[in-house]
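Participant:
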Amino acid sequence: MTESHTTRILLGPGPSNAHPRVLRALSRPLVGHLDPIFLTLMGEIQDLLRKTFQTDNRLTIPISATGSAGMEACLVNLLEPGDKAIVGVNGVFGTRMIDIVGRIGAEAIPVEAPWGEIVPPEAVIGALKANPEAKVACLVHAETSTGAWQPLEEVGAAVRATDSLFIVDAVTSLAGAPLYVDTWGIDACYSGTQKCLSCPPGLSPLTFSEKALDALRRRKSAVQSWYLDLSMIEKYWGDERFYHHTAPVSMNYALAEALHLVQEEGLEARWRRHQRHHEALRDGLSAMGLPLAAQEGRRLWMLNSVTIPSGIDDAEVRKRLLADYNIEIGGGLGPLKGKVWRIGLMGESSTPANVLLLLTALERILRDLGKDMPDGAGVMAASSILGS
Ligand SMILES: Cc1ncc(COP(=O)(O)O)c(C=O)c1O
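Following this note's numbering, the numbering of the sequence shown begins with 1 at its first residue and continues without gaps.
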């Protein structure tokens, strides 16, 4: 049997480190998923999720699977064969939405932008005007594959004035960056537990507006996925508690604990923490001659893509970070493979100690591999942010 007790410092694109209280919650004694204790927990989770998504949406629940299931749930419930879907594509996750739209038999209308940049809101609004019959418009708030931070307000306001629905991927942004589901006119939003919520991977928080639920009720065909059919799942999570599947009890205990931790810290304080540590890392890397790769002014706080210096072996650096310092960071995906590192500062992983340790470790490794840089410059630059 393989048994690992290694505690990694998780500074990749996810999962992030989990708080000890969340890990303890995972080991609580099991109860049945229709036990009154679990039914109370379900209500508690829905209330906490509403606070975190900043929504009053009745249908606000964790889907019993990872973030990709949240994406698929939004698309399969809101699209039928032949429908049109406008999709912003500037990285892996917009590309994945296009794939799902095609599998449904709907027509994707991609609005593309170079990887690392945002999808211009005016281009999405233009696509909506050109395709007023589009059922949905979809954007990825935090493109984890590139580090680009997509603005949502303008598109939300434009979609609100139409019959279309606004779907937002908040897998990486929820609880790490401002997100106002109701105020911004988002109709369907999904996330994942393993990023800024700092819970293990396994659940996908999701919320549907009344407009989205209305569209679900007016479908002509059955939802293509039995497991992700929200018209059935809402009866399981609603007052009826009608059995649909066996909810992952332990993961729900863990999620409730993670959401309590978010409330205890305060959403805004948590956002500011993510911002401060991003700024410290950014300044530290820049002092070491390692610039961030995503579009200036549109860079995520929780996921930093860093340009790999020429002549430096991407995989070797990541291997040494893991072997010698216990630190995981991510490599680039798609066209960014071998060109960037992806450094996550998400949830519990977003700490001053992690910023300073990573900068120190990177400096030692890069020097060893022949990159010249001023002694301790990264840590000094980061400290001036962290100290203030
Ligand atoms: C923006 C975004 N969307 C969707 C997903 C898919 O989530 P999961 O890997 O939990 O299925 C991820 C995972 O990294 C993500 O970063």
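For glycine and all other residues, C-beta sits at the position ideal for the given N, C-alpha and C.
This one's a predicted model, so the numbers in the text were calculated from it and none came from an experiment.
Which residue wins for smallest C-alpha separation from G338, given the options R58, M302, A280 and E316?
Facilitator: Minimum Cα distance to G338 is reached at E316.
Participant: Taking 7 Å as the cut-off, is the C-beta of Q194 nearer than that to any heavy atom in ligand 1?
Facilitator: Correct: Q194 has its Cβ closer than 7 Å to ligand 1.
Participant: Can you find the residues in the same chain that come closer than 8 Å, C-beta to C-beta, to K371, ignoring five residues on each side of it along the sequence?
Facilitator: Excluding positions up to five away in sequence, the list reads G289, P309, G311 and I312.
Participant: At the level of alpha carbons, what is the spacing between V22 and A258?
Facilitator: For V22 and A258, the distance between alpha carbons rounds to 6 Å.
Participant: Report the option in F242, L255, L345 and G334 whose CA atom is closest to the CA atom of L34.
Facilitator: L34 has its Cα closest to that of F242, out of F242, L255, L345 and G334.
Participant: Roughly how many whole angstroms lie between the Cα atoms of D229 and K235?
Facilitator: Their backbone Cα atoms lie some 11 Å apart in a straight line.
Participant: If you drop the 5 nearest sequence neighbours on each side, which residues of the same chain put their C-beta closer than 6 Å to that of P335?
Facilitator: Correct list, in chain order: W115.
Participant: Report the start-end ranges of each beta strand (DSSP E) in the region 129-155 that is 3 residues or longer and not cut off at the edges.
Facilitator: Runs of the beta strand (DSSP E) inside the region 129-155: 136-140.
Participant: Do I167 and D136 have their beta-carbon atoms positioned less than 8 Å apart in this structure?
Facilitator: Note that residue 136 corresponds to Val in the displayed sequence, not to Asp. Yes, they are a contact pair.
Participant: Quick one: does the C-beta of A142 sit closer than 7 Å to a heavy atom of ligand 1?
Facilitator: True, at least one ligand heavy atom lies under 7 Å from that Cβ.
Participant: Can you give the Cα-Cα distance for L213 and T7, rounded to whole angstroms?
Facilitator: Roughly 42 Å separates the two Cα atoms.
Participant: Please determine if the region 46-66 and the region 86-94 are in contact, where contact requires at least 3 C-beta pairs separated by less than 8 Å.
Facilitator: Flag = no, the region 46-66 and the region 86-94 do not touch.
Participant: Taking the beta strand (DSSP E) that T307 belongs to, which residues open and close that run?
Facilitator: It spans L303 to T307 - the beta strand (DSSP E) in which T307 sits, taken as one unbroken run.
Participant: For M177, name the three-state secondary structure that DSSP assigns.
Facilitator: One point to set straight first is that residue 177 is Ala, not Met, in the sequence displayed. Looking at A177 - three-state DSSP - the assignment turns out to be coil, as it is neither helix nor strand.
Participant: Going residue by residue through the region 336-362, where are the continuous beta strand (DSSP E) segments of at least 3 residues, counting only ones entirely within it?
Facilitator: For the region 336-362, whole beta strand (DSSP E) runs of length 3 or above, ordered along the chain, are 340-344.
Participant: Closest to T246 by CA distance: which of H260, V262, Y180 and Y227 is it?
Facilitator: The residue with the shortest Cα to Cα distance from T246 is Y227.
Participant: Report the residue ranges of all alpha helix (DSSP H) runs contained in full by the region 228-297; include only those spanning at least 4 residues, in chain order.
Facilitator: 230-237, 249-265 and 267-287, all fully within the region 228-297.
Participant: Which residues mark the beginning and the end of the beta strand (DSSP E) in which V89 is found?
Facilitator: Run containing V89: K84 to V89, per the beta strand (DSSP E) assignment.
Participant: Tell me whether the region 23-42 and the region 123-133 touch, counting them as touching only if at least three CB pairs, one residue from each stretch, are closer than 8 Å.
Facilitator: No, the region 23-42 is not in contact with the region 123-133.
Participant: Pick from I37, C74, P352 and G376: whose alpha carbon is nearest that of K211?
Facilitator: Taking only the C-alpha atoms, the option nearest K211 is C74.
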